[in-house]
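For what it's worth, UniProt numbering labels the leading residue of the sequence shown as 1, then goes sequentially.
Structure record follows, encoded as structure tokens.
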Amino acid sequence: MLSAPSAIRRESFWPARVAILAVVALQVTLNERVTVGPNWLLPGLEVLLLIPLSVVRGLHARRLHLGTAGNVVVSHATARTFAFGLIALLNVANLLSLLLLVESLLHGSKATGRLLLVDALDIWVTNIIVYALWYWELDRGGPLQRQSGAAARRDWLFTPMTLPDGGQSWHPTFVDYLFLSFTNATAFSPTDTLPLTPAAKVLMMLQAGISLLTLALVASRAVNILS
């Protein structure tokens, strides 16, 4: 049963949508040497997937906030699976670009050092945004579950949650997950937010590994340029 509208905490989906569009923009700017097919192909598919997902998610959020039980063609579980699929596509596309960049470096690419560094930075920033989306979608059953007050167990323990009131007056937003992703990509370990579940720990390990590899490539290329 839905909670009363007054008990529901609103959380905008727009930061996540803008983050996805930012990833799309970063992918379009990649050199086709490190993309699968034309550099507009996967970004175009991602935008086509984002549009219906945004509509369905918007309907679910409106239904939740109004406290109505009206029918929605696509269930919340299906929409969330669809969201995971979109994030996975973003992630796989970025991983493929990283692998193509590694191959390009190993085989003595004729691209200039500047182009290679720009592509590596593009991939690194994309990695941060994509994993912020993973964390935001995974934590406590997803954004709609967190808003409804029927959230599952925590996947991450944020610092405000350790306050005397148990963090009842504080709720993470997309910016908090983006900060978590950034600190994990730069420190290669949790900083002020601890992963509590196996899924959270695996995601953070994967992100740190990808970030470390990307930065190592940048460092090695910079050394070559300087020498």
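We put the CB at the ideal spot given by N, CA and C, even for glycine.
Which two residues bound the contiguous alpha helix (DSSP H) that contains residue i?
{"i": "Arg80", "result": "76 to 106"}
{"i": "Ser181", "result": "174 to 187"}
{"i": "Asn127", "result": "113 to 138"}
{"i": "Pro15", "result": "14 to 29"}
By Cβ distance, which residues of its chain are closer than 6 Å to residue i, with the 5 residues on each side in sequence left out?
{"i": "Met204", "result": "Asn184, Pro195"}
{"i": "Pro172", "result": "Phe158"}
{"i": "Phe82", "result": "Leu53"}
{"i": "Ile210", "result": "Asn127"}
Using C-beta distances below 7 Å, list every residue in its chain close to residue i, excluding the 5 sequence neighbours before and after it, in chain order.
{"i": "Phe182", "result": "Ile128"}
{"i": "Gly142", "result": "Arg80"}
{"i": "Leu26", "result": "Asp122, Val125, Thr126"}
{"i": "Asp176", "result": "Phe158"}
Less than 7 Å between the beta carbons of residue i and residue j, yes or no?
{"i": "Val56", "j": "Thr126", "result": "no"}
{"i": "Ala208", "j": "Phe188", "result": "yes"}
{"i": "Phe174", "j": "Ala16", "result": "yes"}
{"i": "Ser97", "j": "Val18", "result": "no"}
{"i": "Asn39", "j": "Glu32", "result": "yes"}
{"i": "Asn94", "j": "Val130", "result": "yes"}
{"i": "Leu30", "j": "Ile87", "result": "no"}
Can you tell me which of the options puts its alpha carbon nearest to the alpha carbon of residue i?
{"i": "Leu49", "options": "Gln27, Arg63, Ala77, Leu90", "result": "Leu90"}
{"i": "Leu144", "options": "Trp134, Leu180, Leu206, Arg62", "result": "Arg62"}
{"i": "Leu206", "options": "Leu115, His107, Tyr135", "result": "Tyr135"}
{"i": "Pro43", "options": "Lys201, Thr162, Ile20, Val102", "result": "Ile20"}
{"i": "Arg153", "options": "Thr197, Thr29, Asp165", "result": "Thr197"}
{"i": "Ala199", "options": "Asp139, Asp192, Thr193, Pro164", "result": "Asp139"}
{"i": "Thr162", "options": "Lys201, Val202, Thr193", "result": "Thr193"}
{"i": "Phe11", "options": "Val102, Thr214, Gln147", "result": "Residue identity check: residue 11 is Glu in the sequence provided, not Phe. With distances taken between Cα atoms, Glu11 lies closest to Gln147."}
{"i": "Thr214", "options": "Lys201, Leu100, Ile51, Gly58", "result": "Leu100"}
Short of 8 Å in beta carbon distance, which residues of its chain neighbour residue i, apart from the five on each side in sequence? Order them along the chain.
{"i": "Ser54", "result": "Phe13, Arg17"}
{"i": "His60", "result": "Val72, His76, Ala79, Leu144"}
{"i": "Leu212", "result": "Phe188"}
{"i": "Leu115", "result": "Asn31"}
{"i": "Glu103", "result": "none"}
Check: With a cut-off of 8 Å, do at least 3 Cβ pairs link the segment 155 to 164 to the segment 121 to 132?
Finding: no
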